[in-house]
Amino acid sequence: MRFLAAAILASLTASPALAAFPCDELWGERNAIYKDAGYCFRTERAIRAFGNSGCKYDELADVPLSARQRADIADIQRQERENGCAR
């Protein structure tokens, strides 16, 4: 799922097509970036979806993300807000 999510995100980021993604898809795209970067999830939903195998970082602020990844996450979060997605 992580690899597919990254490919989909790369093709859609900063695109109007993101607006068509339902909240669950946006949530998955955003968290796939964090998973790939080694984040240790805390919520039951995220742990169930992504697991914590191989995780390295307990705090989001400690997760090493590239400028591109940060921009992708910001785009997804903006779209989540515009769609009225639950936090």
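If you use mature numbering (1 follows the signal peptide of the UniProt record, and there is no 0), the sequence shown corresponds to residues -19 to -1, 1 to 68, in order.
Glycine included, C-beta positions come from ideal geometry on N, C-alpha and C.
Using only alpha-carbon positions, find the residue among A18, L41, D5, A42 that is nearest to R26.
D5
Compute the distance between the beta-carbons of I14 and F22, then report whether it is under 8 Å.
no
Taking the alpha helix (DSSP H) that G9 falls in, what are its first and last residues?
4 to 17
Over the uninterrupted alpha helix (DSSP H) stretch that includes D56, give me the two end residues.
48 to 63
Looking only at its chain, what residues have a beta carbon closer than 7 Å to the beta carbon of R68, apart from the 5 residues adjacent to it on each side?
none
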